[in-house]
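Number of protein chains: 2
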Amino acid sequence: MSQISPRPGRGRPRLLPGKIAANPRDQILAAAAELFVSRGYAGTTTREIADGAGLRQASIYYHFGSKEEILAALLERSVQARVEQAGKIEAGMDSVAPDAALYALAVSDMSALVAMPYNIGMLYRLPDVIASPVYDRYGHLRGELVAGYGRVAERAAAERVPAGGEPGLGDLLVQMVEGVISLRREDRIGSTTVATIASACLRLCGIAEDAIEQARETALTALAQT
Amino acid sequence: MSQISPRPGRGRPRLLPGKIAANPRDQILAAAAELFVSRGYAGTTTREIADGAGLRQASIYYHFGSKEEILAALLERSVQARVEQAGKIEAGMDSVAPDAALYALAVSDMSALVAMPYNIGMLYRLPDVIASPVYDRYGHLRGELVAGYGRVAERAAAERVPAGGEPGLGDLLVQMVEGVISLRREDRIGSTTVATIASACLRLCGIAEDAIEQARETALTALAQT
DNA sequence: GTCTATATCGTGATAGAC
DNA sequence: GTCTATCACGATATAGAC
Numbered sequence: 052m053s054q055i056s057p058r059p060g061r062g063r064p065r066l067l068p069g070k071i072a073a074n075p076r077d078q079i080l081a082a083a084a085e086l087f088v089s090r091g092y093a094g095t096t097t098r099e100i101a102d103g104a105g106l107r108q109a110s111i112y113y114h115f116g117s118k119e120e121i122l123a124a125l126l127e128r129s130v131q132a133r134v135e136q137a138g139k140i141e142a143g144m145d146s147v148a149p150d151a152a153l154y155a156l157a158v159s160d161m162s163a164l165v166a167m168p169y170n171i172g173m174l175y176r177l178p179d180v181i182a183s184p185v186y187d188r189y190g191h192l193r194g195e196l197v198a199g200y201g202r203v204a205e206r207a208a209a210e211r212v213p214a215g216g217e218p219g220l221g222d223l224l225v226q227m228v229e230g231v232i233s234l235r236r237e238d239r240i241g242s243t244t245v246a247t248i249a250s251a252c253l254r255l256c257g258i259a260e261d262a263i264e265q266a267r268e269t270a271l272t273a274l275a276q277t
Numbered sequence: 052m053s054q055i056s057p058r059p060g061r062g063r064p065r066l067l068p069g070k071i072a073a074n075p076r077d078q079i080l081a082a083a084a085e086l087f088v089s090r091g092y093a094g095t096t097t098r099e100i101a102d103g104a105g106l107r108q109a110s111i112y113y114h115f116g117s118k119e120e121i122l123a124a125l126l127e128r129s130v131q132a133r134v135e136q137a138g139k140i141e142a143g144m145d146s147v148a149p150d151a152a153l154y155a156l157a158v159s160d161m162s163a164l165v166a167m168p169y170n171i172g173m174l175y176r177l178p179d180v181i182a183s184p185v186y187d188r189y190g191h192l193r194g195e196l197v198a199g200y201g202r203v204a205e206r207a208a209a210e211r212v213p214a215g216g217e218p219g220l221g222d223l224l225v226q227m228v229e230g231v232i233s234l235r236r237e238d239r240i241g242s243t244t245v246a247t248i249a250s251a252c253l254r255l256c257g258i259a260e261d262a263i264e265q266a267r268e269t270a271l272t273a274l275a276q277t
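Chain order of the listed sequences is H and Y. Take the first sequence: its letter number 185 is residue 236 in the numbering used here, and every next letter is one higher. Take the second sequence: its letter number 81 is residue 132 in the numbering used here, and every next letter is one higher.
What follows is the structure in structure tokens.
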């Protein structure tokens, strides 16, 4: 990154001076994220990215070596936050009730997904992204996420639901949680969305309605302290 | 389609005579399906499709007017079977127990998804497909599918789970059911997969374990008669 | 650090021979 | 009905001026 020298007045001025607020790298990432998510990776051109970022097509190559490098940066961002938060919650699992831990995991993970700029959590679903060589570097992290869900869920479910099926509880729950991605694409995230899905996760573990309600309150107060 | 004249000996012979078995239109569709699903729509070239179908790039344009027309044909195939089956099950819903109807709906829908060539059920998830103008012609059908799931599920759930949340039960269940698409992409469809997910659907409606087991048997015998 | 200009290649689609 | 040949365009990426 020594190539970046943010000294004012350096470099030829941009044509469109309206967007010099944030640093250009982030502007490029933001524009690319929006386009990748709405038109796909292969369906997005570097020219469109440049337009969105407010600079010229060629100028992108000062900040990134290739189009694929932009994708890699976005992929890393999109998985990092989720895995980190999930790890923290699983680490502190022993101090709270198992079902509250699951509720907290679901809520914090969905919050991370919803908070991501331009819904980049869905990059992982795109075939051309998965086929890309850069996917291999971050793909296994999502597997760890599923495994984490599985461990937390098995505890919460106890013996209430038949275990050992394929797909496992972790797969089912991650599938449910990532439903917010589709909902968000359709602009359907409301004030009750996250709570509704989190409750559904506990229901999927055979937890009764009153216990779900209790786990919800425990989880929310625990999350508020973080 | 009057342009198709399958008289033997007509037309210049193909370079690669190995694949003349089925009709060329279907060969093109099959090749396109495999590629769209593995590399995305925009990421697939007509040359690659032609290679997969065993003819030359330009020859595709005898069977389809454009690349988009190929996509439209695949989209139609992928939604038709699901909506049809769902409609039949919902129509015969009164004659079986509500929870058995839901189980049957989930199983038959997942079976349709699993039976689709090259997992084309996932075309609906691709941003460049959704952004394409041809999507508008078939997109609303998926909405009807969700609504159908919602009606069947509300009956099965009765008053056991809080209703009226966003997302609705239909959204949650379709989300679960379409999880087979991801599993299939990862080659993880086993003998218990469909049953596990169908049971999870009922669990999501607050149905108890023994009732789930009973619904399963009722549904399977009902489906066997069809 | 961003620009203009351009090289080089790949794309979807068309024309016309066979 | 499939071929060869090619057009017109748009893609990523590079070179070098400012």
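Don't be surprised by glycine CBs; every beta carbon is placed ideally from N, CA and C.
task = With DSSP collapsed to three states, give me the class of S242 (chain H).
result = coil
message = If you reduce the DSSP assignment to three classes, tell me which class T269 (chain H) lands in.
response = helix
query = At which residues does the alpha helix (DSSP H) containing A259 (chain Y) begin and terminate?
reply = Per DSSP, A259 (chain Y) belongs to no alpha helix (DSSP H) and is neither H nor E.
key: Minimum Cβ-Cβ distance from V165 (chain H) to chain Y less than 8 Å   = no
request  = From the DSSP output, in three-state form, read off T277 (chain H) for me.
outcome  = coil
task = In angstroms with no decimal places, state the Cα-to-Cα distance between V225 (chain Y) and Y113 (chain Y).
result = 38 Å
inquiry  = Please identify the residue among H:A266, H:I258, H:F87 and H:E195 whose C-alpha is closest to the C-alpha of M177 (chain H).
reply    = For clarity, residue 177 (chain H) is Leu in the given sequence; the question names Met instead. The residue with the shortest Cα to Cα distance from L177 (chain H) is H:F87.
ask   = If you follow the alpha helix (DSSP H) that I50 (chain Y) is part of, which residue opens it and which one closes it?
value = Nothing about residue 50 (chain Y) can be reported from this structure: the residues present for chain Y run from 52 to 277 only.
ask   = A246 (chain H) to A209 (chain H), Cα distance in whole Å?
value = 22 Å
Cβ-based contacts, 8 Å cut-off: residues of the region 208-225 of chain Y near chain H = R211, V212, P213, G216, E217, P218, D222 and L223
key: V158 (chain Y) to L220 (chain H) span [Cα, whole Å]   = 18 Å
key: Inter-residue spacing [alpha-carbon to alpha-carbon] between I55 (chain H) and S89 (chain Y)   = For I55 (chain H), the predicted model reports a pLDDT of 48, less than 50, meaning its position is unreliable and no value from the coordinates is stated.
ask   = Are the region 116-133 of chain Y and the region 178-198 of chain Y in contact at 8 Å, needing three or more beta carbon pairs?
value = yes
message = Quick check on the burial criterion: 16 or more other C-beta atoms within 10 angstroms. Buried or exposed for P184 (chain H)?
response = exposed
query = DSSP on I232 (chain H), reduced to helix/strand/coil?
reply = helix
ask   = Does the beta-carbon distance from G91 (chain H) to D102 (chain Y) come in below 8 Å?
value = no
key: Residue interval of the alpha helix (DSSP H) (run including Q136 (chain Y))   = K118 to A142
task = Would you please verify whether the beta carbon of D261 (chain H) is less than 8 Å from any beta carbon of chain Y?
result = no
ask   = Between the beta-carbon of L164 (chain H) and the beta-carbon of C252 (chain H), is there less than 8 Å?
value = no
ask   = Taking 8 Å as the CB-CB limit, is T97 (chain Y) close to chain H?
value = no
key: Of the residues H:Y186, H:G105 and H:A123, the one placed nearest P75 (chain H), counting alpha carbons only   = H:G105
request  = Just tell me which of H:D150, H:A123 and H:V203 has its CA closest to the CA of D187 (chain H).
outcome  = H:A123
task = Determine, using beta carbons only, whether A81 (chain Y) and P213 (chain Y) come nearer to each other than 8 Å.
result = no
query = With distances taken between CB atoms, is the gap from M161 (chain H) to I248 (chain H) smaller than 8 Å?
reply = yes
key: chain H contact residues for S162 (chain Y), given Cβ-Cβ distances below 7 Å   = Residues of chain H passing the Cβ test: none, with the nearest at roughly 16 Å.
ask   = At a Cβ threshold of 8 Å, is M227 (chain H) touching chain Y?
value = yes
Test: V88 (chain Y) CB closer than 8 Å to a CB of chain H = yes
message = Spatial neighbours of G241 (chain Y) within its chain, please: C-beta separation below 7 Å, excluding the five flanking residues on both sides.
response = none
ask   = Between the C-alpha atoms of P64 (chain Y) and G190 (chain Y), what's the straight-line distance to the nearest angstrom?
value = 39 Å
Within-8 Å CB hit, R254 (chain Y) to chain H = yes
query = In whole angstroms, what separates the C-alpha of L274 (chain H) from that of V231 (chain Y)?
reply = 32 Å
Beta-carbon spacing of L126 (chain H), L174 (chain H) below 8 Å = yes
request  = Anything in chain Y within Cβ reach of D179 (chain H), meaning under 7 Å, just list it in chain order.
outcome  = R90, G91 and G94
request  = For my contact list, T269 (chain H) and A151 (chain H) are in at a C-beta cut-off of 8 Å; report their separation, rounded to the angstrom.
outcome  = 4 Å
request  = Specify the secondary structure class of I55 (chain H) as computed by DSSP and reduced to three states.
outcome  = Because I55 (chain H) sits at a pLDDT of 48, beneath the cut-off of 50, its placement in the model cannot be relied upon, and the following sentence gives the value as read from the coordinates. Coil.
query = Does A251 (chain Y) get closer than 8 Å to chain H when you measure Cβ to Cβ?
reply = yes
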